[in-house]
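*Asks:* Residue numbers 249 to 482, in the working numbering, belong to the letters of the sequence shown in order. Just so it is clear, CB atoms sit at the ideal spot from N, CA and C, and this is done for glycine as well.
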Amino acid sequence: MNDGPYDYFTARATFGLSGNQPLISQINLMGKLWGVPLKTTTGMEMMFGIFQHFNYFDSEEVIDGSGRIPYKISEAASVGPGMIYKFPQMNSLVNLEQRVFLSAILLGGSLTDYYNVIDRNYNMGSGYSIKNNTILDFGRYGMFALNMHLYQIFTWKGYEHKDLETIDPLYLNAQGDKGNVMLAVVNPIIELNLSSHFKANMEVSYYYRHTHYSYHEDVRYKTFETRLGLIYQF
Numbered sequence: 249m250n251d252g253p254y255d256y257f258t259a260r261a262t263f264g265l266s267g268n269q270p271l272i273s274q275i276n277l278m279g280k281l282w283g284v285p286l287k288t289t290t291g292m293e294m295m296f297g298i299f300q301h302f303n304y305f306d307s308e309e310v311i312d313g314s315g316r317i318p319y320k321i322s323e324a325a326s327v328g329p330g331m332i333y334k335f336p337q338m339n340s341l342v343n344l345e346q347r348v349f350l351s352a353i354l355l356g357g358s359l360t361d362y363y364n365v366i367d368r369n370y371n372m373g374s375g376y377s378i379k380n381n382t383i384l385d386f387g388r389y390g391m392f393a394l395n396m397h398l399y400q401i402f403t404w405k406g407y408e409h410k411d412l413e414t415i416d417p418l419y420l421n422a423q424g425d426k427g428n429v430m431l432a433v434v435n436p437i438i439e440l441n442l443s444s445h446f447k448a449n450m451e452v453s454y455y456y457r458h459t460h461y462s463y464h465e466d467v468r469y470k471t472f473e474t475r476l477g478l479i480y481q482f
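Structure below.
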């Protein structure tokens, strides 16, 4: 593993064709700012580093007219330590790689169920995130991955009164609804190699949101989605 800035970088985006959901529902970017390889006596490749993260999850009403949106969250500016390690090859087929990251969210945003002013339906805040990625590579047969993300964003300064109609929103000194949001994402992925260039892809994403409000009722929401696709690899 190299140790230069941004020589390790991952990017992923999810696009949807559903009429009632956003065109771009997910963006995940991660780059290494600094890293150092660690020596082991077991044949394991390890690297410790500081990583920069950008993550964005977006959704709209699953049932039109329900007024309930499952989740919206953004990890716009985030940095923290991480560990990447590759285990010695188990046999001629299986390679295992593990990635663990902990980051401080300096600037983040999340859906609010109450603070809807002009075109804004989100809170701003800061917090932390934890990410775990497990990858099992089965060589010429395919790959299995399990991605788990946990985001916690705190909105520190809110507006406790309910008569927002009497306040000029341009001069309202608030980040949104005071409280905090937790979003957990579990995403298993299976890829099967069909040929040297084509892969069949199947993945499931489970989302659980719990938003605690200081001046309103808490909101919990859980949903999942299944995707089937075909991947062309150059």
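(1) Can you name, in chain order, every residue of its own chain whose Cβ lies under 6 Å from the Cβ of aspartate 385, other than the five neighbours on each side?
(2) Count the other CB atoms within 10 Å of the CB of glutamate 309; is the residue buried (16 or more) or exposed (fewer)?
(3) If we call anything under 9 Å between Cβ atoms a contact, is serine 377 one with glutamine 346?
(4) Using the Cβ count rule (16 or more neighbours within 10 Å means buried), how would you classify histidine 397?
(5) Examine the Cβ distances between the stretch 289-298 and the stretch 259-267 and report whether three or more of them are shorter than 8 Å.
(6) Does DSSP put proline 253 in a helix, a strand or coil?
(7) Going along the chain, which unbroken runs of the beta strand (DSSP E) with 3 or more residues stay wholly within the stretch 306-355?
(8) What did DSSP end up calling serine 443 once you bin it into helix, strand or coil?
(9) Compute the Euclidean distance between the alpha carbons of histidine 445 and isoleucine 332, then round it to the nearest angstrom.
(10) Just to confirm my understanding: we take tyrosine 363, look at its own chain, exclude 5 residues before and 5 after, and list those with CB closer than 6 Å. What are they?
(11) With H, G and I counted as helix, E and B as strand and the rest as coil, what does DSSP make of lysine 287?
(12) Grouping DSSP H, G and I as helix and E and B as strand, with all else coil, what is aspartate 367?
(13) Let me know if lysine 287 comes out buried or exposed under the rule of 16 or more other beta-carbons within 10 Å of its beta-carbon.
(14) Whose C-alpha, out of Pro318, Val284 and Asn276, is nearest the C-alpha of arginine 468?
(15) What three-state label does DSSP hand histidine 464 in the structure shown?
(16) Within the continuous beta strand (DSSP E) that includes glutamine 400, where are the two ends?
(17) What do you get for lysine 470, buried or exposed, if any count of 16 or more other CB atoms within 10 angstroms of its CB means buried?
(18) From the DSSP secondary-structure annotation, give me the bridge partner or partners of leucine 476.
*Replies:* Per the coordinate set shown:
(1) Asn343 and Met391
(2) exposed
(3) no
(4) buried
(5) no
(6) coil
(7) 320-334
(8) coil
(9) 27 Å
(10) Gly424 and Asp425
(11) coil
(12) coil
(13) exposed
(14) Pro318
(15) coil
(16) 390-403
(17) exposed
(18) Met450
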